[in-house]
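Each number in our numbering corresponds to the 1-based position in the sequence shown with 37 added. The beta carbon of each residue, even a glycine, is placed where N, CA and C say it ideally should be. Just so we're clear, the structure is a prediction, and the values are computed from it rather than from any experiment.
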Amino acid sequence: ASFQDIQKSFELVTQKDLQTFFTQWLTRTGAPEIGIKEATFIKDNPDYKVSLTLEQKQSVDPFNVDIPVGIATKNGVKTFVVNMTKKIQKFEFMLLDEPLKLEVDPQYDVFRIMDPLEVPPTWSKILASRDNLVVLPSKAGPDKQSIYSDFIERWNTMNPNQFDIVFDNEVTDLPKNKTVWIIGFENRFAEAIQATISKNKSSILGDSVIFDHRNFPKTNHSFVFTVFNPQNSNFSMAFIAIDNKDAIEGLVRKLPHYGKYSYLGFEGAEPANVAKGEWPVSGSPLIKLFSGGATDLSTVEKRTALATFDPLFSEKKMMDHIDYLASEALKGRGLGTPELDSAANYIARKFKIYGLAPLENSYFQEFSHTFSDKDKMRMKNVIGVIQGTDKDLMNHPVVVSAHYDHLGMGWPDAHKGDEGKIHYGADDNASGVSILLELARTMGTSVK
Numbered sequence: 038a039s040f041q042d043i044q045k046s047f048e049l050v051t052q053k054d055l056q057t058f059f060t061q062w063l064t065r066t067g068a069p070e071i072g073i074k075e076a077t078f079i080k081d082n083p084d085y086k087v088s089l090t091l092e093q094k095q096s097v098d099p100f101n102v103d104i105p106v107g108i109a110t111k112n113g114v115k116t117f118v119v120n121m122t123k124k125i126q127k128f129e130f131m132l133l134d135e136p137l138k139l140e141v142d143p144q145y146d147v148f149r150i151m152d153p154l155e156v157p158p159t160w161s162k163i164l165a166s167r168d169n170l171v172v173l174p175s176k177a178g179p180d181k182q183s184i185y186s187d188f189i190e191r192w193n194t195m196n197p198n199q200f201d202i203v204f205d206n207e208v209t210d211l212p213k214n215k216t217v218w219i220i221g222f223e224n225r226f227a228e229a230i231q232a233t234i235s236k237n238k239s240s241i242l243g244d245s246v247i248f249d250h251r252n253f254p255k256t257n258h259s260f261v262f263t264v265f266n267p268q269n270s271n272f273s274m275a276f277i278a279i280d281n282k283d284a285i286e287g288l289v290r291k292l293p294h295y296g297k298y299s300y301l302g303f304e305g306a307e308p309a310n311v312a313k314g315e316w317p318v319s320g321s322p323l324i325k326l327f328s329g330g331a332t333d334l335s336t337v338e339k340r341t342a343l344a345t346f347d348p349l350f351s352e353k354k355m356m357d358h359i360d361y362l363a364s365e366a367l368k369g370r371g372l373g374t375p376e377l378d379s380a381a382n383y384i385a386r387k388f389k390i391y392g393l394a395p396l397e398n399s400y401f402q403e404f405s406h407t408f409s410d411k412d413k414m415r416m417k418n419v420i421g422v423i424q425g426t427d428k429d430l431m432n433h434p435v436v437v438s439a440h441y442d443h444l445g446m447g448w449p450d451a452h453k454g455d456e457g458k459i460h461y462g463a464d465d466n467a468s469g470v471s472i473l474l475e476l477a478r479t480m481g482t483s484v485k
């Protein structure tokens, strides 16, 4: 069916002319960029009248767009939907209670160009940057200089040709058109980070770091913060402080997996993650606060689901798989161990029970590999097949996979402080296998 067919069907059901809608979204390029030009309210006895002026800030002609508006009051939330067709347009709403907070498109329903300040700054944006300025602290002691230099050198090796490195006494002002890494509490630009995070009741002053309503000593801890560049919200700044040199290797390995967070705290040499979170969205240009205490108020009405369905997958069965694979008996499922063979046999038995066919004549695909610090090892993939039914596609498989091995007693990579101990591998190796097995159970009997 074409979009024209869909349009005809929608018009038949709704009894509305949808030509403008389909023409706009199928033939126009770009998207609206919505902003609040003015938002006020007055007491209009006995009610309250809210006046909202919106603007479409994009350079091209205005779009015809329906925009939700949520207004929080002491007695709940009221939601309105306005139709905007002009570059600048005024709307009015009547309320029984005094408005405390107004938010335009609070659930991001509208297809539009978002302002960077509508979402919190996150580490992922730092990781994605290819143009970075690293600012090291010139007044840090020799030990800290060594720690910071080692960390940046390790990071630079992983991401070559993406970093310019300077000391804070070599820079007058921070640039506004590139990502900036401010390293160390001793850095003279650390105050720029403090000025921003203090708005979130957080601090890097004194002998401890405060965020997430918790207090962490600077000693034996590592910290990562991200904030928007105060001169240009299209770019972000990172703040990194490390107290333990032995934590560098673990940080370099772990940090790429924490992209969705605004702030992170780690402890010790491993290092163990002890804090993580996102800053609240506070500078969004689509939020208007009428009351200073309304920052944390929601502007979204609570809604129940239109329908509920029984789950397709069994939580109990998935937990049973995890309990077995991550059990004491399997000793972490290390490579080349009989416990790993037990895990492979377990998975193969489940494949057979769930109706999956073996690949050729066996559920096992055996191969060998020689490791630098080990002899040649025999290993096996466990493969079950759900036969395709489309004759043109049945020989073009979709592969769903998970790895069932783990670190055993700590080889080839032991967690700091856990050398010689079982590395159970529940998350995400065993949990990943459990999901795969539930997919196999469900699809093995339902796909015909």
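For this session: Check each candidate in T110, E75, K124, F130 and name the one with the smallest Cα separation from K86.
Result: F130
message = Which residue wins for smallest C-alpha separation from H294, given the options R65, T159, N82, Q41?
response = Out of R65, T159, N82, Q41, T159 has the C-alpha closest to the C-alpha of H294.
**Message:** How far does the beta strand (DSSP E) with Y185 in it extend, from its first residue to its last?
**Reply:** Note, Y185: premise wrong, no beta strand (DSSP E); alpha helix (DSSP H) at 179-195.
Legend entry - Three or more C-beta pairs below 8 Å linking the segment 83-103 and the segment 47-55: With a cut-off of 8 Å, the segment 47-55 and the segment 83-103 do not count as touching, because too few Cβ pairs lie within range.
### Message
For G447 and K458, what's the separation of their Cα atoms in angstroms?
### Response
7 Å
- Task: Just list the beta strand (DSSP E) runs in the segment 191-235, keeping only unbroken ones of 3 residues or longer that don't cross its boundaries, in chain order.
- Result: Runs of the beta strand (DSSP E) spanning 3 or more residues and lying entirely within the segment 191-235 occur at 200-204, 216-220, in chain order.
### Query
Taking just the CA atoms, how far does I359 sit from T545?
Nothing can be reported for residue 545, as the shown portion of the chain is limited to 38 through 485.
Review point. Considering only C-alpha positions, which residue in the set S239, K138, K74, V264 is nearest to F128?
Key: Distances from the alpha-carbon of F128 to those of S239, K138, K74, V264 put K74 closest.
Under 8 Å by Cβ, that's how I've got I189 and V171 pegged, so tell me the actual separation to the nearest angstrom. 6 Å
Notebook entry, point to check: Taking N237 as the reference, which of F222, V203, V264 has the closest Cα?
Noted result: V264
* In or out: N466 buried (at least 16 other Cβ within 10 Å) or exposed? -> buried
On the DSSP bridge list, what partners appear for M121? M121 is bridged to V102.
TODO: Look up L301 in the DSSP assignment and say whether it is helix, strand or coil.
DONE: strand
(Q) Give me the residue from M355, P449, Y441, E456 with the minimum Cα distance to G493. (A) The requested residue 493 does not occur in the structure, where the chain is confined to residues 38 to 485.
Taking all protein chains shown into account, decide if K325 is buried (16 or more other Cβ within 10 angstroms of its Cβ) or exposed. K325 should be labelled buried.
Simplified DSSP assignment, three categories, for R149
coil
Just checking my contact of L301 with A312 at CB under 8 Å: how many whole Å lie between their CB atoms?
7 Å
Taking the alpha helix (DSSP H) that E307 belongs to, which residues open and close that run? Segment: none, E307 is in no alpha helix (DSSP H) and carries neither H nor E.
Any idea which residues DSSP pairs F404 with across the strands?
-> M416
Compare the Cα-Cα distances from K282 to each of K417, L343, Q182, L393 and report the closest residue.
-> Q182
- Message: I'd like the list of long-range same chain contacts for S299, defined as Cβ closer than 6 Å, with 5 residues on each side in sequence excluded.
- Response: P157, P158, T159, T263, E315, W316.
Fill in: Residue of T233, N432, S259, S273 minimising C-alpha distance to S161
S273
According to DSSP, which residues form a beta bridge with H258?
E304
| message | Tell me the residue span of the beta strand (DSSP E) that contains L137. | response | L137 -> beta strand (DSSP E) spans 136-141.
**Study point:** Backbone secondary structure at D264 - three-state DSSP
**Key:** The displayed chain sequence assigns Val, not Asp, to residue 264. It is a strand residue.
| Where does the unbroken beta strand (DSSP E) through T90 begin, and where does it stop? | 84-93
For E207, tell me which candidate among N224, P197, K215 has the shortest Cα-Cα distance. N224
I'd like the ranges of any alpha helix (DSSP H) spanning at least 4 consecutive residues and lying wholly in the segment 365-399.
375-390
Grab the span of the beta strand (DSSP E) containing V172 for me, first residue to last. Annotation: the continuous beta strand (DSSP E) that includes V172 extends over 169-173.
(Q) I'd like to know if the segment 389-399 and the segment 347-354 are in contact, where contact means that at least 3 CB-CB pairs between them fall below 8 Å. (A) no
C-alpha gap between T407 and V419, whole angstroms:
Each residue's alpha carbon lies about 20 Å from the other.
(Q) Using the Cβ count rule (16 or more neighbours within 10 Å means buried), how would you classify Y400? (A) buried
Local Cβ density within 10 Å of G243, reported as buried at 16 or more and exposed below that: By the 16-neighbour rule on beta-carbons within 10 angstroms, G243 is exposed.
Practice problem: Rounded to whole angstroms, what's the CA-CA distance from T496 to S405? Just pull it up for me. | Solution: What the structure shows of the chain is the stretch from 38 to 485, and residue 496 is not part of that stretch, so it cannot be assessed.
Next item on the list: Could you spell out the range, first to last residue, of the beta strand (DSSP E) harbouring G425?
Entry: Going by DSSP, G425 is part of no beta strand (DSSP E) at all; its letter is neither H nor E.
Through-space distance from F276 to I230, alpha-carbon basis
One C-alpha to the other measures close to 7 Å.
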